[in-house]
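Notes to accompany the following structure.
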Amino acid sequence: MVDFINELNENQREAVVNTEGPTLVIAGAGSGKTRVLTYRIANLLSKGVPAYRILALTFTNKAAREMQKRIATLVGQGNAANLWMGTFHSIFSKILRVEAEHLGYTSNFTIYDSQDSKNLIKSIVKDLKLDDKVYKPNDVLGRISMAKNNLVVAQAYAQSAKITSADQAAKKPMISEIYKYYQARCKQSDVMDFDDLLLQTNILFRDFPEILEKYQKKFDYILVDEYQDTNYSQYLIIKRLAEQHKNICVVGDDAQSIYSFRGARIENILNFRNDYPGYKLCKLEQNYRSTTTIVDAANSIISRNKEQIPKKTFSQNEEGDKIRVMKALSDKEEGFQVAQEIFRISQNEQAEFNNFAILYRTNAQSRIMEEALRKRNIPYKIYGGLSFYQRKEIKDLIAYLRLTINQNDEEALKRIINYPRRGIGDTTIDKLKEVAQKYNVSIWTLLCNLNKVPGMVSVMTAAKLTHFRQLIEGFTEIAKEENAYETTYRVAKASGIIEDLSSDDTPEGVSRRENIQELMNAVKDFCETAYKEGRDDKLPAFLEGVALLTDQDSEKPEDNNKVTLMTIHSAKGLEFENVFIVGMEEELFPAQQSAYSPSALEEERRLFYVALTRAEKRVIMTYSTSRYKNGNVVYPQPSRFIAEIDPHYLDGFFTPARPSMGRSLHGPGIQEKVARPNITLQPKVEVPDIDTSKLVPINGEQIIPGMVIFHPNFGPGKVISIDGLGVNKKAKVMFPKHGQKVLLLKFAKLYVQGHTN
DNA sequence: CGCTATATCCTTTTT
DNA sequence: GGATATAGCG
Ligand SMILES: Nc1ncnc2c1ncn2[C@@H]1O[C@H](COP(=O)(O)OP(=O)(O)OP(=O)(O)O)[C@@H](O)[C@H]1O
C-alpha cells in the first residue's frame, strides 16, 4: 500500500485520494505538484485500475521515465510498465501509427525533425522562385508551426483575413502558399512534422467520432503535468478525450509558463474552471525544495508580473545563504569564476558535482562555461546543443534507415543519394527534383520509372541512379526479414558508410566511428529488450521514436556525477542544490527581442522565476561587463532582473550612481509598473559622512579596522575588526541601519569614499 | 563532379 | 564563432 501519510501533506493527500472527476492543482514552484501526480497514479494502480487505462502526459520523455521509475518503486515494476506515459508528441504519434490510414498516411509515416522541415521549406521557397532572404526557413516554419498549433490548416490559413493581412504587413504574403505546398509535400512523402503529431490527432478525433470514442473509453484517467505550457492543439486533444468521464487531473503553475513561442497558452490552465465546472481545486503552498531566501526572492520577482494568479508560497526550510551576485569583466572571466566557485564549494562542503547546475538563457553561452570547467578538470554534462541523433554521421545512417522504410521520405533521400560519393551530383539531383515536381511524383517514384522519361539524364547517370535504387530496395527486403539490429548493421556496411568513415583517422573521424558504433549498440539494445518483452524488434519499430528523442534521453551511466549545463528552459521541473544563473545581462536575459513587448518581458521574468526556483540551497548569479556575441564584443549592462530582487536577499550587487543613465529601453509610450529600465539604485539612506556619488570600489585586501566603507545592501558602516587570511579573510563591520555583520571579503563588494581633488 | 577556400548570415527558448 | 552558401579550381 502506498504511504500517503508520511510522504504527502494534507492538501496533497486530498488531491491524491480523490481520484474521480476533474481536479486542478495549481501551485508555485517546488510545492510538490509532480509528487501529487506521481502518487495519484500510484494510488490508481494500487486501487486496481489497469495501467493501460491511465494516460499521463509529461513535458519531456525524461520526466516521464523518472515518474515511471518512482511509481514502480511505489507499486512495483510490473504494475507501472504499461502506463501510457510520455510527452504529447510521443503518445499521440503512437496512436497515429495505429490510425494513420484513416488520415491518408501509412503506419510507417516518417516524422520530420525541425531540420528536415526547414530543408523542405528551403526547397519550396526555391521552387516558387521566392527570395530566400525574405522567406527565411526559420521564420516560415515558425508561422506554419504557430498556425498548426492553433489548428489552422493551410486552407484556413489562406482564408483567414487576420493572418494573411499580418503576413502582408510583414511583406511575406506568400507564406500561405508555402504552407500549402509544404503540407502537400509532407503528405506525398508520408511525413508528419512535430506539430502534425498534434494537429493530425485533432483531425482524427474531429472527423472520426468512433475513433475518438474508442480512446475515450480506453483511457479512464487522464493526467497532465506542466499544464500551463500546453498549446491549443494539446488542450483540445485532452478536452476531447476527457469529455465523457471527466476524470482529468492537471497540475501546473501559471508563473512557470515559458513556452509561448511554441504556442503555449496560459489560458488553458486559467480556463480549467470554465471547462470543468464542479472541479476540485488543490492549492499547495509549502515549498519543500528551497531555502526561505530563495522562495522569498523568487516571490518578490514574480509579484512584479501583472498577469498572474496570486499564490502564496512559503518555505519552512532554513533561511540559507543570500543570493550572491558576481561580476566579471569578460565572458571568459565569468566562466573562470563559476568554475572556481564550483570547485571551492565542492571542496568546502564535500559536495558532489552533480549537485551543481549552470543555467543560461541561450545555448551559445555553454561553450565558455565548458572551456572553463575543462580547464579546472571539473566533469560536466551538457544538454541542448545537438543531440546524439543530430550528429552528421548518425543522421546519415538514420537517413538510410528512414529511406529503407519509407521511400518517399524526400529529405532522407536527398541527404544520402550521394553519400557516400557515388557520382550523383547537384546537376542530376536538381534535374530529378524538377522532373518529379513536374509529374507531381516523389523522387523515388521517378527513380523507379527512369525509362519513362528518356533523355532526362545520361546513360551513365541513369545506371548510377538505378544502382542506388536497387541498393535501397535490397535494404527494404532485409528489413522485412531481419530485426532492426541486423538490418542496421547490413545497411551501414552495404551503403558504404562504414568504409567511408574507416579511412579517416583524424580525431573527428574516430569519434564518428564511435558514434556509429554507439548507434549500433542502441539498436541492439532495443532489439534485445523488444525480444525479451515479446515486442516487435523490426526496424520500423525502432525508428518510430527516434525523431522524438532528445539528448536528455541518451544519458549515460557515467554521467551521474557531473555538473549540469543547460538552458533555463530545459531545467524546468528539475532541482539542484547549487544553481548558477549566468549571463544576467540586459539584451541577453531578458532577451533583446523581448525588451519592447510587455508580455514577452513578463515571460522572461517567469523564466527567471523558474531559474531561481530550481535551487535547493544556493543561487549564484553572474554577469559580465563584456562578452562576445556573434563574433563581436558587446558591453552589456547588468540585467534588470537582478535589481528586481529585493536587495535584502542579495549579496554583492550594487552599482554606484553613474553620471548618466544607461540608454533606456523603454520608449515614452510603454509604461511598466515596477521594472526599472536600468540599475541605478539610489542609496536609500542619507549618509552625512559619505558622498555616495564619489564611491570607488575597494579591494578586500586593502580594508583595515577603523575604515568607513560602503556596502551595497547595508549602506555605510565602520570596520571593527579583521580576521582570517587570504580567501577566508573576513571583516566585522558595524552598520548603523543593520547592525553588526561579518563579511567575507573575497566576495563582498565594498566601496569607499573616493578622494576629491 | 568533387573538393576546398572564402563569404555571409545569424542567434532566444524546444517537442 | 559556427553553420551554411557559393565560387573556383583540379
Ligand atoms: N509532502 C512533501 N514532503 C516532503 N517533501 C516533499 C513533499 N512534496 C514534495 N516534496 C519534495 O519537494 C520537491 C519539489 O517537488 P515537486 O518536484 O513535486 O514540485 P513541483 O511543484 O512539481 O515543482 P516545480 O513546479 O518547480 O517543478 C521534491 O524534491 C519533492 O521530493
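Its first residue numbered 1, the first sequence is counted upward by one per residue in the UniProt record's numbering. Glycine is no exception: its CB is placed at the ideal position from the N, C-alpha and C atoms.
Who are the Cβ neighbours of residue i in its own chain at under 6 Å, not counting the five residues just before and after it?
{"i": "Asp553", "result": "Asn61"}
{"i": "Asp321", "result": "Arg618"}
{"i": "Ala436", "result": "Ile443 and Leu446"}
{"i": "Asn108", "result": "Ile405, Asn406 and Pro540"}
{"i": "Pro22", "result": "Lys246, Ile248, Tyr276 and Tyr279"}
{"i": "Ala81", "result": "none"}
{"i": "Arg512", "result": "Glu393 and Leu501"}
If contacts are defined as beta-carbon pairs under 8 Å, then residue i and residue j qualify, I think. What distance do you get, rounded to the angstrom?
{"i": "Gly32", "j": "Tyr288", "result": "6 Å"}
{"i": "Ser233", "j": "Asn202", "result": "6 Å"}
{"i": "Leu519", "j": "Leu397", "result": "6 Å"}
{"i": "Val620", "j": "Glu319", "result": "In the sequence under discussion, the amino acid at residue 620 is Ile, which differs from the Val named in the question. In fact, because the Cβ distance is near 16 Å, the residues do not count as touching under 8 Å."}
{"i": "Ser343", "j": "Asp551", "result": "Correcting the residue identity first, residue 343 is Phe in this sequence and not Ser. At roughly 26 Å, the Cβ-Cβ gap does not stay under 8 Å, so Phe343 and Asp551 are not in contact."}
{"i": "Asn521", "j": "Arg391", "result": "Not really, about 15 Å apart at Cβ, beyond 8 Å."}
{"i": "Thr567", "j": "Gly384", "result": "5 Å"}
{"i": "Val523", "j": "Leu359", "result": "Going by Cβ atoms, the distance from Val523 to Leu359 rounds to 34 Å, so no, they are not a contact pair."}
{"i": "Gly652", "j": "Met326", "result": "7 Å"}
{"i": "Val457", "j": "Thr428", "result": "6 Å"}
Tell me which same chain residues have a C-beta within less than 7 Å of the C-beta of residue i, skipping the five on either side of it?
{"i": "Ile478", "result": "Thr487 and Arg490"}
{"i": "Gln200", "result": "Leu96, Leu103 and Met192"}
{"i": "Asn317", "result": "Ser290, Thr291 and Thr292"}
{"i": "Gly28", "result": "Asp253, Ala255, Asn287, Lys311 and Thr313"}
{"i": "Glu371", "result": "Gly335"}
{"i": "Ala462", "result": "Leu450"}
{"i": "Pro659", "result": "Low per-residue confidence applies at Pro659: pLDDT is 33, beneath 50, and the placement is therefore not dependable enough to give any value."}
{"i": "Thr106", "result": "Ala100 and Asp190"}
{"i": "Asp195", "result": "Ser145, Lys148 and Asn149"}
{"i": "Tyr182", "result": "Leu120, Ile121, Ile124 and Ile144"}
Taking the alpha carbon of residue i as the point to measure from, which residue in the options has its own alpha carbon closest?
{"i": "Ser330", "options": "Glu14, Val633, Ile642 and Asn11", "result": "Val633"}
{"i": "Leu401", "options": "Ala547, Tyr439 and Thr19", "result": "Ala547"}
{"i": "residue 761", "options": "Thr164, Asn305 and Lys136", "result": "With the chain covering only 1 through 757, there is no way to say anything about residue 761."}
{"i": "Leu236", "options": "Leu151, Val435, Ser260 and Lys187", "result": "Leu151"}
{"i": "Asp229", "options": "Phe59, Tyr39, Asn363 and Arg535", "result": "Phe59"}
{"i": "Ala591", "options": "Cys186, Asn363 and Ile345", "result": "Asn363"}
{"i": "Glu528", "options": "Ala484, Ile345, Ile71 and Leu281", "result": "Ala484"}
{"i": "Lys171", "options": "Ser458, Asp196, Lys133 and Phe205", "result": "Lys133"}
{"i": "Phe356", "options": "Asn231, Lys464, Val582 and Val708", "result": "Val582"}
{"i": "Ala600", "options": "Ala399, Leu197, Ile266 and Tyr360", "result": "Ile266"}
{"i": "Met637", "options": "Pro647, Ser626 and Leu8", "result": "The residue asked about is misnamed: residue 637 is Gln in this sequence, not Met. Selected option, being the one with the closest Cα: Ser626."}
{"i": "Gln216", "options": "Leu198, Ile238, Asp196 and Ala184", "result": "Ile238"}
{"i": "Ala615", "options": "Ala169, Lys414 and Ala298", "result": "Ala298"}
{"i": "Asn9", "options": "Glu20, Ile26, Arg35 and Leu24", "result": "Arg35"}
{"i": "Lys306", "options": "Pro598, Lys532 and Asp559", "result": "Pro598"}
Is residue i helix, strand or coil by DSSP?
{"i": "Ala484", "result": "helix"}
{"i": "Arg344", "result": "helix"}
{"i": "Asp220", "result": "coil"}
{"i": "Asn560", "result": "helix"}
{"i": "Gln155", "result": "helix"}
{"i": "Thr87", "result": "strand"}
{"i": "Ile258", "result": "coil"}
{"i": "Val36", "result": "helix"}
{"i": "Tyr439", "result": "helix"}
{"i": "Thr314", "result": "One point to set straight first is that residue 314 is Phe, not Thr, in the sequence displayed. Strand."}
{"i": "Phe589", "result": "coil"}
{"i": "Phe576", "result": "strand"}
{"i": "Glu603", "result": "helix"}
{"i": "Asn231", "result": "strand"}
{"i": "Asn632", "result": "strand"}
{"i": "Gln407", "result": "coil"}
{"i": "Ala611", "result": "helix"}
Identify, in the order they occur along the chain, each residue of the same chain with its Cβ nearer than 8 Å to the Cβ of residue i, setting aside the five sequence neighbours on each side.
{"i": "Val75", "result": "Val2, Ala42, Leu45 and Ser46"}
{"i": "Ile301", "result": "Arg605, Phe608, Tyr609, Leu612, Phe641, Glu644 and Ile645"}
{"i": "Phe468", "result": "Ile417, Arg422, Ile424 and Leu447"}
{"i": "Asn560", "result": "Asn354"}
Taking contact to mean 3 or more Cβ pairs, one atom from each stretch, closer than 8 Å, check whether the stretch 373 to 381 and the stretch 584 to 597 are in contact. no
Could you tell me whether the stretch 45 to 60 touches the stretch 219 to 228, where touching means 3 or more Cβ pairs closer than 8 Å? yes
For the stretch 565 to 574 against the stretch 116 to 128, do three or more pairs of beta-carbon atoms, one drawn from each stretch, fall closer than 8 Å, so that the two count as touching? Inter-segment contact for the stretch 565 to 574 and the stretch 116 to 128 is absent: fewer than three beta-carbon pairs are separated by less than 8 Å.
For the stretch 139 to 149 and the stretch 80 to 98, state whether three or more C-beta atom pairs, one from each stretch, are separated by less than 8 Å. no
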